[in-house]
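Residue numbers (our numbering), protein chains in the order written: chain P, 2 to 114; chain R, 39 to 153. By construction, the Cβ of each residue, glycine as well, lies at the ideal position given by its N, Cα and C atoms.
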Amino acid sequence: NAGVTQTPKFRVLKTGQSMTLLCAQDMNHEYMYWYRQDPGMGLRLIHYSVGEGTTAKGEVPDGYNVSRLKKQNFLLGLESAAPSQTSVYFCASTPESVSGELFFGEGSRLTVL
Amino acid sequence: KQEVTQIPAALSVPEGENLVLNCSFTDSAIYNLQWFRQDPGKGLTSLLLIQSSQREQTSGRLNASLDKSSGRSTLYIAASQPGDSATYLCAVSLAITGGADGLTFGKGTHLIIQP
């Protein structure tokens with residue numbers, strides 16, 4: 002099993018450009034999450050989804066949009082990238098709320114110039 | 039707002055020592071607590087999951103305890119090895135949401151085991 006796969010793994014953007022990060026899981030998990038990890042800040046929740054067709058805001062949602070059109074995919078979009086969005090982005094999934102283990106992808110390193 | 043604190047931020051010990059990593063959280067109404075390991079440039083790997091009704095969990099050389107009323111958890115690593123070198127993160131979920139809105143993470147303890 003691939004588990005949780007994130008694409009791309011690395012990306013450099015110019016300020017104002019847009020992009021989409023894709024998270025795909027092959028474990029039939031209901032819950033999916035997008036986190037960002039910054040030095041000195043730890044991991045912070047951006048958006049999450051409790052099932053296909055649903056999304057909700059986390060702690061730091063501004064500047065990001067998400068979609069969960071298919072159960073196995075959770076997309077994170079940046080409409081107009083800013084240098085403050087330079088970070089490592091992690092996707093995670095769990096089968097049923099967080100009563101079980103959270104499975105993480107390997108991360109996507111984004112640099113906004 | 040839930041806050042999770044991990045002490046120490048960094049730790050370096052010789053191989054073979056037993057060690058304890060500490061985690062504290064401000065809101066004791068948690069759904070569960072998880073300990074993760076993160077290697078440089080990698081994602082997080084779940085090590086131990088403790089439900090709010092449990093006091094401890096063990097996996098191999100790792101033992102995690104939970105004292106929900108005092109807002110504390112410890113991760114005990116026995117007979118440390120160089121391969122244990124990594125960043126260890128503690129995270130909690132809130133009971134009021136059934137954990138649906140994700141985990142709140144501490145900033146981690148960066149552990150180095152000297153050969």
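| Do you know offhand how far R/ILE45's Cα is from R/PHE143's? | 13 Å
| request: Classify P/LYS10 as buried or exposed, calling it buried when 16 or more other Cβ atoms lie within 10 Å of its own Cβ. | output: exposed
| Using a Cβ-Cβ distance under 8 Å, would R/GLN171 count as near chain P? | The requested residue 171 of chain R does not occur in the structure, where chain R is confined to residues 39 to 153.
| field | Per DSSP, cross-strand counterpart(s) of P/HIS30 | value | DSSP, once it has assigned bridges, lists no residue as partnering P/HIS30.
| said: Looking only at its chain, what residues have a beta carbon closer than 7 Å to the beta carbon of P/GLU31, apart from the 5 residues adjacent to it on each side? | reply: Short of 7 Å from the beta carbon of P/GLU31, and not among the five residues preceding or following it, lie these beta carbons of its own chain, in chain order: VAL51, GLY52, PRO96 and GLU97.
| task | Look at the alpha carbon of P/VAL61 and the alpha carbon of R/THR125, and state the distance between them as a whole number of angstroms. | result | 23 Å
| In terms of residue numbering, what span does the beta strand (DSSP E) encompassing P/VAL113 cover? | Taken as a continuous stretch (DSSP letters only), the beta strand (DSSP E) holding P/VAL113 covers 109 to 113.
| said: According to DSSP, P/LYS38 sits in a beta bridge with which residue or residues? | reply: Here residue 38 of chain P is Gln; the residue named in the question, Lys, does not match the sequence. DSSP lists P/LEU44 and P/VAL89 as partners of P/GLN38.
| request: For P/LEU22, count neighbouring Cβ atoms within 10 angstroms of its own Cβ and tell me buried if that reaches 16, exposed if not. | output: buried
| Listing by chain order, which chain R residues have their CB less than 7 Å from the CB of P/LEU46? | GLY140
| query | Just how far apart, CA to CA, sit R/LYS39 and P/THR112? | reply | 29 Å
| message | So with CB distances below 7 Å, who are the chain R contacts of P/ALA82? | response | The premise fails here: P/ALA82 is roughly 22 Å from chain R at the closest Cβ pair, so nothing lies under 7 Å.
| request: Using a cut-off of 8 Å between C-beta atoms, extract the partners of P/GLU53 located in chain B. | output: Among the protein chains in the structure shown, which are P and R, there is no chain B.
| Between R/GLU41, R/VAL42, R/GLU55 and R/THR43, which lies nearest to R/GLN152 when the distance is taken from Cα to Cα? | Comparing alpha-carbon positions, the option among R/GLU41, R/VAL42, R/GLU55 and R/THR43 lying closest to R/GLN152 turns out to be R/GLU55.
| From R/VAL24 to R/ARG75, what distance separates their C-alpha atoms? | Because residue 24 of chain R is not part of the residues shown, which for chain R are 39 to 153, the question remains open.
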